[in-house]
Amino acid sequence: QTRDKKSRNSPTLPALSECCIPSPRPTVIHHSAMEYTQGSPERLGTANGGSQPTMPHQWERQTRTLVDSARKAQTLSTQQRIMAFGTQRTTAEIASSDNRLSSNALSRNISEAESLKSRAEAQLEFILQETAMLEDEAAHAEATHEKMKDPLTVAEENLGVRRRRPARELTRDAVERALNEQVAGAKHAIRMLGGVLDACEKELSRLKVCREKLEEDIDHKRIALEVDHEALQMES
Numbered sequence: 033q034t035r036d037k038k039s040r041n042s043p044t045l046p047a048l049s050e051c052c053i054p055s056p057r058p059t060v061i062h063h064s065a066m067e068y069t070q071g072s073p074e075r076l077g078t079a080n081g082g083s084q085p086t087m088p089h090q091w092e093r094q095t096r097t098l099v100d101s102a103r104k105a106q107t108l109s110t111q112q113r114i115m116a117f118g119t120q121r122t123t124a125e126i127a128s129s130d131n132r133l134s135s136n137a138l139s140r141n142i143s144e145a146e147s148l149k150s151r152a153e154a155q156l157e158f159i160l161q162e163t164a165m166l167e168d169e170a171a172h173a174e175a176t177h178e179k180m181k182d183p184l185t186v187a188e189e190n191l192g193v194r195r196r197r198p199a200r201e202l203t204r205d206a207v208e209r210a211l212n213e214q215v216a217g218a219k220h221a222i223r224m225l226g227g228v229l230d231a232c233e234k235e236l237s238r239l240k241v242c243r244e245k246l247e248e249d250i251d252h253k254r255i256a257l258e259v260d261h262e263a264l265q266m267e268s
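If you're matching positions, the sequence shown starts at 33 in the numbering used here and goes up one per residue.
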C-alpha cells in the first residue's frame, strides 16, 4: 500500500520510446506560381481573371446554358426551315394558280377575239357584196338617166316645132297633150333617177366607211390574236 501511495504521489515520467524517438514534423507543401497557372482548372480560371468557370457546378451550368442555347437555335432554325418550305410551296401554288388563271383568261380572250373577228369578216363580206350590187344598180340608174335625156330632147323639139306653126294652126290636140305628158314624164323620171344616183353615191360612201372600219378592226383583231397566242405559248 505504501508503494502504491508513493507511485501515485510521484510525477509520471515519459516512456523510453517517447524520449528517444523524435516525433515527425508536419509536412508543408509549397506551390509555385507556375503550379497555380498550369495546374488544375480552378487555378487556371483564377489566374486568367475569372473568364473561365472555376468550379464543377459552374462548368455544368455553363454546359446546360450552351445546350439550351443550341436547342433554341435548332428550334428556331427548324421553324425557319418549315416557314421557308411553306413559303416556297405557297408561292409555287400561287404561281401555278396565277398561271392557270392567266392561261384560262388568255384562252377566253382568244376565243372571243376569234369570234368577233369571224363576225367582222362575215360582215365585211356582206358589205363588199352589197357594195358591188349597189354599184351595179347605180350604174344601171345612171345609164337609164342618160337614156331618158334623148326622149326628153325629142319631145321638147317636137313641142317647139308645133309651137312654130301659124297661129290658126295652133291647137291643143291629143298630140300636143301627149308630147307635154312625155316631156313632163321624162323630166320627172330624170329627177327621180338623179335622186336615186345621189342616194346610191351616199350609200356607197357609207359602205366604204364601214368597209374601212371593218378592215381596220379585223387587222387589229389579227394582231391581238397573234400576241395572245404567243403569250399563251409562253404560259404553257
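Even for Gly, the Cβ is constructed at its ideal location relative to N, Cα and C.
Taking its Cβ as the centre, do 16 or more other Cβ atoms sit within 10 Å of residue i, making it buried, or is it exposed?
| i | result |
| --- | --- |
| residue 152 | buried |
| residue 133 | exposed |
| residue 253 | buried |
| residue 211 | buried |
| residue 160 | exposed |
| residue 246 | buried |
Spatial neighbours of residue i within its chain, please: CB distance less than 8 Å, with the 5 preceding and 5 following residues excluded, ordered by chain position.
| i | result |
| --- | --- |
| residue 162 | 239 |
| residue 99 | none |
| residue 126 | none |
| residue 260 | 138, 141, 142 and 145 |
| residue 207 | 194 |
| residue 191 | 208, 211, 212 and 215 |
Grouping DSSP H, G and I as helix and E and B as strand, with all else coil, what is residue i?
| i | result |
| --- | --- |
| residue 196 | coil |
| residue 111 | helix |
| residue 87 | coil |
| residue 205 | coil |
Counting only C-beta atoms, is residue i closer than 8 Å to chain C at any point?
| i | result |
| --- | --- |
| residue 255 | Note that chain C does not occur in the displayed structure, where there is just one protein chain. |
Excluding the five sequence neighbours on either side, which residues of its own chain have a C-beta within less than 7 Å of the C-beta of residue i, listed in chain order?
| i | result |
| --- | --- |
| residue 218 | 180, 183, 184 and 187 |
| residue 263 | 138 |
| residue 103 | none |
Can you list, in chain order, the residues of its chain whose CB lies under 6 Å from that of residue i, leaving out five sequence neighbours each side?
| i | result |
| --- | --- |
| residue 57 | Bear in mind that the predicted position of residue 57 carries a pLDDT of just 43, short of 50, making it unreliable; the figure below should be weighed with that in mind. So the list is empty, once near-sequence residues are dropped. |
| residue 145 | 253, 256 and 257 |
Rounded C-beta distance between residue i and residue j? I'm assuming under 8 Å.
| i | j | result |
| --- | --- | --- |
| residue 175 | residue 229 | Not confirmed; about 11 Å, so no contact. |
| residue 177 | residue 227 | So it is not a contact: roughly 10 Å between Cβ atoms. |
| residue 167 | residue 236 | 7 Å |
| residue 250 | residue 149 | 6 Å |
| residue 173 | residue 232 | 7 Å |
- Message: In chain order, what are the residue ranges of uninterrupted alpha helix (DSSP H) at least 4 long that sit wholly in the stretch 209-248?
- Response: none
- Which parts of the stretch 123-162 are runs of the alpha helix (DSSP H), unbroken and 4 residues or longer, counting only runs that do not cross its ends? none
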